[in-house]
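If you're matching positions, the sequence shown starts at 5 in our numbering and goes up one per residue. What follows is one structure encoded as structure tokens, with my remarks underneath.
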Amino acid sequence: MSAMRGKVLANKVGGLRLACKAGRAAVRSRGLESTRTTAMSRRQRNAARVWAAASGGEEGVDMENIEVVEAAAEEEEHGSASDLEEVIYSLDKSASVASLMSVIEQKFADQLDPAFMDDGVDGEDYEKHAENMRNKVKSLGMEERLIEVRRVTKVVKGGNILSFRAIVAVGNKKGKIAVGVGKGKEVMPATTKAVAEALRDVVEFPLAKNDSIPHTTVGSATSASVILKPAGEGTGVIAGGATRTVLELAGVENVLSKQLGSDSLLNNARATVNALAKLRSPVQVAQLRGKTVRQLFGLDDVTKKVDTIDVSAERLQELIQSCDTKTQTEIGEGLEFLKEKGFEPEAAEAQVNAI
């Protein structure tokens with residue numbers, strides 16, 4: 005009977021030894037007071053002595069008195085150490101470090117060093133950080149708009165970790181747009197992180213003269229797809245949800261849209277940005293296809309070619325004078341660019357349309 009009692013007590017002390025070891029690591033990693041570290045070290049040493057005595061048998065050792073005296077002495081000197089022990093014993097031995105840290109933060113929030121808080125955004129100065137981010141957005145000539153804020157829960161063995169997820173769109177209403185996602189323990193840090201992520205991935209696209217898009221485009225994100233089609237003046241933004249928010253911040257005022265697949269706000273917002281990123285201006289498409297803009301729209305014969313000939317400076321001036329005012333201005337800017345790069349206009353190559 006005595007051997008069985010000693011074995012059970014040894015197992016209990018062994019569990020305390022493991023718990024104290026985890027508690028000391030948690031205290032060191034989160035910056036609790038040095039007295040807590042000293043208390044946990046003393047508790048670990050005492051547990052080790054009791055473990056050794058229990059393993060060798062109870063001969064010469066009063067197990068009950070050791071437990072009572074040790075516990076009473078430590079309660080008098082370090083009353084808060086028992087609170088930390090309760091936190092450790094409330095968790096499963098296989099609980100993750102994240103869950104242990106979360107419970108300790110909630111239990112001893114008033115005694116933790118702010119320097120050990122989450123990456124400076126969820127700390128005590130997150131309001132200042134958010135104000136700096138808003139000023140940065142304004143300095144870039146952009147505007148931010150909140151799409152969604154959702155309360156999310158991460159389930160771990162030690163309990164539930166609550167946080168907020170924010171989706172933010174940032175745009176200048178002139179052809180620049182971005183979408184970002186951020187998470188935080190409060191709404192303001194989450195939105196601040198979302199804006200910072202959006203500013204790192206800004207997409208620029210061309211706009212038509214009537215504030216529409218140049219051509220039809222399709223964007224996708226996971227299982228969500230968005231189709232955008234150009235529309236005439238006065239049509240407005242025919243869209244809803246996150247797609248409408250993104251298009252308004254991007255500066256598109258006349259467009260037709262259709263959402264397919266997932267109805268997730270995040271996926272639809274990303275699909276809309278993906279569709280806008282695929283847009284090309286007529287000049288870019290003409291260059292890719294080896295045509296002029298007039299040929300691209302069928303205003304000139306497709307068989308019309310451009311010949312390159314060598315001419316003198318006098319002949320070049322005659323050709324320039326025969327062009328319209330806008331063309332003369334563009335040629336003059338090109339010649340000035342050549343001079344800045346060290347090229348002289350003599351013996352330059354002029355492109356003349358062969359009829």
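Heads up, the beta-carbon is just placed ideally off N, CA and C, and yes, glycines get one too.
Are the region 199-209 and the region 169-186 touching, with three or more C-beta to C-beta distances below 8 Å? yes
Could you check which residue in Gly-188, Ala-254 and Gly-338 has the C-alpha nearest to that of Tyr-130? Gly-188
Quick check on Val-156: buried or exposed, where buried means 16 or more other Cβ atoms within 10 Å of its Cβ? exposed
Residue(s) in a DSSP beta bridge with Arg-154: Arg-169
Just how far apart, CA to CA, sit Ala-182 and Gln-321? 47 Å
4 or more residues per run - each alpha helix (DSSP H) lying fully within the region 189-267: 191-203 and 245-254
Out of curiosity, what's the CA-to-CA distance linking Pro-286 and Asp-267? 33 Å
DSSP-derived helix/strand/coil call for Arg-149: strand
Out of curiosity, what's the CA-to-CA distance linking Lys-158 and Gln-288? 47 Å
Residue from Lys-178, Asn-272, Glu-340 and Pro-210 whose Cα sits closest to the Cα of Glu-152: Asn-272
Can the beta-carbon of Ile-231 be found less than 8 Å from the beta-carbon of Lys-262? yes
In this structure, how does DSSP classify Gly-390 when only helix, strand and coil are distinguished? With the chain covering only 5 through 359, there is no way to say anything about residue 390.
N- and C-terminal bounds of the alpha helix (DSSP H) containing Arg-138: 130-143
Nearest-angstrom Cα separation, counted from Thr-333 out to Glu-340: 11 Å
DSSP puts Asn-164 in a beta bridge; with which residues? Val-159
Around the C-beta of Asn-278, are 16 or more other C-beta atoms found within 10 angstroms, so that it is buried, or is it exposed? buried
Ser-274 - containing alpha helix (DSSP H), residue span: With the sequence shown as reference, residue 274 is identified as Arg, and Ser is not the correct amino acid for it. Start and end: 269-281.
Inter-residue spacing [alpha-carbon to alpha-carbon] between Ile-324 and Glu-318: 10 Å
Examine chain E for any beta-carbon lying closer than 8 Å to the beta-carbon of Arg-319, and answer yes or no. In the structure shown, chain E does not exist; there is a single protein chain.
Using the DSSP secondary-structure output, state which residues sit across from Val-174 in a beta bridge. Glu-148 and Ala-182
Who pairs with Lys-330 in a beta bridge, going by DSSP? Answer is none; Lys-330 lacks a bridge partner.
Nearest CA to the CA of Pro-234: which residue from Leu-251, Ser-224 and Ala-228? Leu-251
Expressed to the nearest angstrom, what Euclidean distance is found between the alpha-carbon atoms of Arg-149 and Ser-316? 58 Å
Given Thr-249, which residues of its chain have a CB within under 8 Å of its CB, disregarding the five upstream and five downstream residues? Arg-149, Ile-151, Ala-173 and Ala-273
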